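Protein sequence lines correspond, in order, to chains Z and L.
Residue numbers for the first sequence follow the numbering used here, beginning at 1 and rising by one.
Residue numbers for the second sequence follow the numbering used here, beginning at 359 and rising by one.
Think of the CB as a built atom: it goes at the ideal place given N, C-alpha and C, for glycine as much as any other residue.
As the structure is a computational prediction, the values presented were derived from the model and not from experiment.
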Amino acid sequence: MRFRLSDDQAALQDAVRDYALREGDAGARRRAFESDTGFDADFWSGLMDLGVGGLACPEDAGGLGLGVTDLALAAEALGYAGAPGPFLGQVLAALAIDRFGSPAQKDRWLPALATGQAIGTVALAEAGDRVRAADWTARLEGGRLSGEKRQVLYPELADITVVGVAGGFALVEKDAAGQTFEALDVADRTRRIGHVAYAETPADAMPAEADAAEALVDAALVLTAADAFGGARRLLDMSVDYAKTREQFGGPIGRFQGLKHQLANMAVEVEPARGLYWYAAYAFDHGAPDARRVAALAKAHLGDVYMQTARAAVEAHGGIGYTWEYDAQIWFKRAMFDFAYLGAPSRHREHAARLAGW
Amino acid sequence: MDLELGSEYEAFRQEVAAFLAAHWPPAKETDARAAASAFRERAVARGYLYRSIPKAYGGSEQAPDPLKGRVIREEFARVGAPGELQGPGVSMLVPTLLACGADWQKERFVAPTLRGEIVWCQGYSEPGAGSDLASLRTRGALEGESWVISGQKVWTTMAHLADYMFILVRTEPDAAKHDGISYLLLDMKQPGVTVRPLKQMTGGREFNEVFLDGARTPKDWIVGERGRGWQVSRTTLKHERDTVGGQSRTEDMFGKLVELAKDAQREGQPALASGDVRQELARIEAYVLAQRYSAYRQMSMDLAGQDAGLIGVLNKLNGTMIGHHIANLAQDLIGDAALLMPPQGRGGNRRGDEKWVNQIMGSLGVAIAGGASNIQRNVIAERGLGLPRDGAEGQKGTGA
């Protein structure tokens, strides 16, 4: 049994974390957060140069041929660093095209997504909490796509959008006609999302059984859980550092037992959850019988843990934690994203209950 | 990442299973205790029990291999075969003697303890020395060839059944707090020792007060040097913490909780059909899975000589919190059985829903034993997160 990172995985995670922390702390995170687009081209191209876009793309498409586990390790590192940009959409679009695309679609898009020459995104959720493939009502008929999608990451930036439809997926290119974008005043300004309405939009079919299409949702849940773990871990570290350096009553506030216990409670919620997201990723890659359940449980659990950790972190910081200037709010809002993206915790818990035959 | 044990260990599993098929359950109807003892002897001879203990002292002296240990525990549990004895003698005293004891002490005490021929109790806590254990005041004075011991111990599990106590006493009253303590061994069956049972809130009687009034023990029944008892005791408390944090009991209990939710009725429906019950079960299951796979991660990293980090100091509190969650949902599910005391005495586990009252109350026993939760939080904050110690001595007294 080796339920631990290989040397390559550890090196990958370190490289992604080091890059995203260094550039993020040097200003990329804040620049993206304050910008109109939420996108920092320099940061993104550096991230793509690390090969993050192609982690799970086949080697003949210029990728590394790895799995969702490796994507999740990268997602954790990016969550820790609060990295801005369309990572999640990029890798999910590539995953969908790799799994369900035709040879021509793969040739056209996978090399470009792997290297970052193209930006990809996914349009899965619909109004009314319809996040599962079986619930999608968008329709592709005669090469024309109609329907409305929500929670689409960087919809106007994407060169290619993988849209979930009844019967699988549709590929929509950037300038295709009949797309209406609605930008939103989102809380998490490091990961912008919007609504997209499609009206007779020219689109290319990627057939998939609903059950297979659900796998893409599962992957999205696992990666969101991994991001949440990384972010919650960062908030814990940030709060601990603050407790060690902030002085009141003649010494660091971290010597007071009240704060110590709050930080210990945060730690006991956060750290064990690493094992849960690891297993969810492992189960996905190995096609384990409980893979779908565990993806749902991990998303629900980490969504909650991240949000509660973010609340506790702001409280542990006092007034400074409540300001726009201090970065705790950025992770607080990333926690809001991970909590709500593709369904709140209670929805996924109910799904897991149903899958257990409860 | 790999959760498979691999062919070497699967072959070992077959070997253990074959051994069990041949020897357990015992062929003919015999005295249950004698059968268990005979089986354990065989299992030790095969290298399946007491693997870290030298053969000279009754162990099987195997090369350390936690995965083999795991396979053995799993296979033994599968057929209900007797494993290593539990209790403070095996889990605490034996490792301490092996690390710090004199040769004659190891020869005299270790093997009979492993066989269950002598039973030990732990004499650490006192009425005025709980979390701050090093403030203990039971006195030991050397008079001729004997230590003479007076004072009081409390929460002494199984003292009423024990043959001997391993005890921390203050032998150097003028030394600093942690430097005045010695670790002694004491015969419980003597006039200077009085055991008074303490009744727990569950109604059970598992622990006791022990009054020591001029109790005597030979001069050389000391483990380690005079005044070094605090350091000697560290190995044992560390060992206890490892065992309390175990995950498989939690997993068993969660399985039973799901069964309870299927059986319990709400408005003519199984409680499991109720949204709030489903939510809470799924919430708890995530904690249980997180604990399990974090344990696999920690074990894998230990095997590779890597530092698993923060998780090591979190396990006890994490297990405690999950126990609380399970207790709370069970209390909600059992309806008016939650008005009752838990079943008393033997066979209690086979009775009705009120057996869950054992968990409702017993989860608090877990929270307190082996380092209470607020002490755990101090340890997590100071050792795990590196926060400054509060006060001159901080949490030295916790022995973590």
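Residue range of the unbroken beta strand (DSSP E) whose run includes Val162/Z: Locating residue 162/Z in the first sequence gives position 162, counting from the first residue. 160-165 is the extent of the beta strand (DSSP E) around Val162/Z.
What does the alpha-carbon distance come out to for the pair Trp513/L and Glu567/L? Taking the first residue of the second sequence as 1, we reach residue 513/L at position 155. Taking the first residue of the second sequence as 1, we reach residue 567/L at position 209. Cα to Cα, the separation comes out at about 6 Å.
Does DSSP put Phe3/Z in a helix, a strand or coil? By one-based count along the first sequence, residue 3/Z stands at place 3. Note: Phe3/Z maps to coil in three-state DSSP.
What are the residues that DSSP puts in a beta bridge with Phe569/L? Mapped onto the second sequence, residue 569/L falls at position 211. Beta-bridge pairing links Phe569/L to Gln510/L, Thr552/L.
Alpha carbon to alpha carbon, how far is Gln649/L from Asn732/L? Give it in angstroms, no decimals. As a first step, residue 732/L must be located in the second sequence, where it is residue number 374. As a first step, residue 649/L must be located in the second sequence, where it is residue number 291. Taking the straight line from one Cα to the other gives about 20 Å.
Backbone CA spacing between Asp227/Z and Val305/Z [nearest angstrom]: Walking along the first sequence from the start, residue 227/Z turns up at place 227. Walking along the first sequence from the start, residue 305/Z turns up at place 305. The alpha-carbon atoms of Asp227/Z and Val305/Z are separated by roughly 12 Å.
Partner residues on chain L for Thr69/Z, Cβ-Cβ distance less than 9 Å: Here residue 69/Z refers to the residue found at position 69 of the first sequence. Result: Met359.
For Gly46/Z, which residues in the same chain have their Cβ closer than 7 Å to its Cβ, ignoring the five residues on either side in sequence? Numbered from 1 along the first sequence, position 46 holds the residue referred to as residue 46/Z. Closer than 7 Å at the Cβ level, and outside the excluded window around Gly46/Z, lie Tyr19, Glu23.
Under 8 Å, Cβ to Cβ, is there at least one residue of chain Z near Glu373/L? Position 15 of the second sequence, counting from 1, holds the residue named residue 373/L. No, its Cβ sits nowhere closer than 8 Å to a Cβ of chain Z.
From what residue to what residue does the alpha helix (DSSP H) around Trp478/L run? Here residue 478/L is taken as the residue at index 120 of the second sequence, counted from 1. From DSSP, Trp478/L is part of no alpha helix (DSSP H) but of the beta strand (DSSP E) over 478-481.
Under 8 Å, with one C-beta from each stretch per pair, do the region 132-141 of chain Z and the region 161-169 of chain Z reach the 3-pair mark? yes
Decide yes or no for the touch test of the region 485-494 of chain L against the region 541-560 of chain L: beta carbon pairs closer than 8 Å, at least 3 of them. no
Using Cβ-Cβ distances below 9 Å, what residues of the region 242-256 of chain Z are close to chain L? Ala243, Lys244, Gly251, Pro252, Gly254, Arg255, Phe256
Where Leu316/L falls, given that 16 or more other Cβ within 10 Å makes a residue buried: Beyond the ends of chain L as shown, which are 359 and 758, falls residue 316/L; an answer cannot be given.
Could you check how far apart the C-beta atoms of Gly258/Z and Pro746/L are, in whole angstroms? I think they sit under 8 Å. Taking the first residue of the first sequence as position 1, residue 258/Z is located at position 258. Taking the first residue of the second sequence as position 1, residue 746/L is located at position 388. 14 Å between Cβ atoms; not a contact.
Listed by chain order, chain L residues near Gly275/Z by CB distance under 9 Å: Residue 275/Z sits at position 275 when you count from the first residue of the first sequence. What Gly275/Z touches in chain L: Leu647, Ala648, Gln649, Arg650, Tyr651, Ser652, Ala653, Tyr654, Arg655, Gln656, Ile669.
Round the Cβ separation of Ala77/Z and Gly230/Z to the nearest angstrom and send it over; I've been treating them as touching at under 8 Å. For the purposes of this step, residue 77/Z is identified with residue 77 of the first sequence, where counting begins at 1. For the purposes of this step, residue 230/Z is identified with residue 230 of the first sequence, where counting begins at 1. The Cβ separation is near 6 Å, so the contact holds.
Along chain Z, in chain order, which residues have C-beta atoms closer than 8 Å to that of Asp748/L? Sequence index remark: in the second sequence, residue 748/L carries index 390 (1-based). What Asp748/L touches in chain Z: Arg255, Phe256, Gln257, Lys260.
So, is the C-beta of Arg599/L closer than 8 Å to a C-beta in chain Z? The residue labelled residue 599/L in the question sits at position 241 within the second sequence. Model confidence at Arg599/L stands at a pLDDT of 41, short of 50, so the residue's coordinates are unreliable; what they give is reported in the following sentence. No, its Cβ sits nowhere closer than 8 Å to a Cβ of chain Z.
In whole angstroms, give me the CA-to-CA distance for Arg741/L and Leu92/Z. For the purposes of this step, residue 741/L is taken as the residue at position 383 of the second sequence. For the purposes of this step, residue 92/Z is taken as the residue at position 92 of the first sequence. Those two C-alpha atoms are separated by around 40 Å.
Quick check: Pro412/L and Phe397/L, are their CB atoms within less than 8 Å of each other? Numbered from 1 along the second sequence, position 54 holds the residue referred to as residue 412/L. Numbered from 1 along the second sequence, position 39 holds the residue referred to as residue 397/L. No, these two residues do not count as a Cβ contact at 8 Å.
Can you give me the Cβ contacts of Arg191/Z inside the same chain, cut-off strictly under 6 Å, excluding the 5 residues immediately before and after it? The residue labelled residue 191/Z in the question sits at position 191 within the first sequence. If we look at Arg191/Z and ignore the five residues flanking it on each side, its Cβ neighbours are Phe337.
Which stretch, first to last residue, makes up the beta strand (DSSP E) that contains Arg150/Z? Here residue 150/Z is taken as the residue at index 150 of the first sequence, counted from 1. 144-153 is the extent of the beta strand (DSSP E) around Arg150/Z.
Which one or two residues does DSSP pair with Leu500/L in a beta bridge? Residue mapping note: residue 500/L aligns to position 142 of the second sequence, counting from 1. DSSP, once it has assigned bridges, lists Trp505/L as partnering Leu500/L.
What does DSSP give as the partner residue(s) for Met206/Z in the beta ladder? For the purposes of this step, residue 206/Z is taken as the residue at position 206 of the first sequence. Note: Met206/Z sits in a beta bridge opposite Phe169/Z.
Using a C-beta to C-beta distance shorter than 7 Å, which residues of chain L count as neighbours of Tyr279/Z? Within the first sequence, the letter at position 279 stands for residue 279/Z. Under the 7 Å cutoff, chain L gives Leu647, Tyr651.
Taking any Cβ of chain L, which residues in the region 103-132 of chain Z have a Cβ under 9 Å from it, in chain order? none
Would you mind working out which of Ala316/Z, Ala61/Z, Gly275/Z, Ala312/Z sits nearest Met359/L, comparing C-alpha positions? Looking up residue 359/L in the second sequence gives position 1. Nearest option by C-alpha distance: Gly275/Z.
For Leu519/L, go through chain Z and note every residue whose CB falls closer than 8 Å to its CB, in chain order. The count along the second sequence starts at 1 and reaches residue 519/L at position 161. The contacting residues do not exist; Leu519/L stays about 35 Å from chain Z at best.
I'd like to know whether the C-beta of Gly729/L is nearer than 8 Å to at least one C-beta of chain Z. Counting from one through the second sequence, the residue named residue 729/L turns up at place 371. No, because no Cβ of chain Z sits closer than 8 Å to the Cβ of Gly729/L.
Would you list the one or two residues that DSSP bridges to Phe33/Z? By 1-based counting over the first sequence, the position of residue 33/Z is 33. DSSP, once it has assigned bridges, lists no residue as partnering Phe33/Z.
Check whether the Cβ atoms of Tyr408/L and Trp478/L sit closer than 8 Å, and answer yes or no. For the purposes of this step, residue 408/L is identified with residue 50 of the second sequence, where counting begins at 1. For the purposes of this step, residue 478/L is identified with residue 120 of the second sequence, where counting begins at 1. Not in contact: Tyr408/L and Trp478/L (Cβ atoms no closer than 8 Å).
Assigned secondary structure, Gln179/Z (DSSP; H/G/I helix, E/B strand, else coil): By one-based count along the first sequence, residue 179/Z stands at place 179. If DSSP states are grouped into helix, strand and coil, Gln179/Z belongs with the strands.
Assuming Ala353/Z and Ala640/L make a contact with CB atoms under 8 Å, what is their CB distance in whole Å? Start at 1 with the first residue of the first sequence, and residue 353/Z comes out as number 353. Start at 1 with the first residue of the second sequence, and residue 640/L comes out as number 282. About 5 Å; that satisfies the 8 Å criterion.
Please classify Ala197/Z: does DSSP put it in a helix, a strand, or coil? Here residue 197/Z refers to the residue found at position 197 of the first sequence. Strand.
Taking Cβ positions, are Pro470/L and Thr593/L nearer each other than 8 Å? Here residue 470/L refers to the residue found at position 112 of the second sequence. Here residue 593/L refers to the residue found at position 235 of the second sequence. Not a contact, by the Cβ cut-off of 8 Å.
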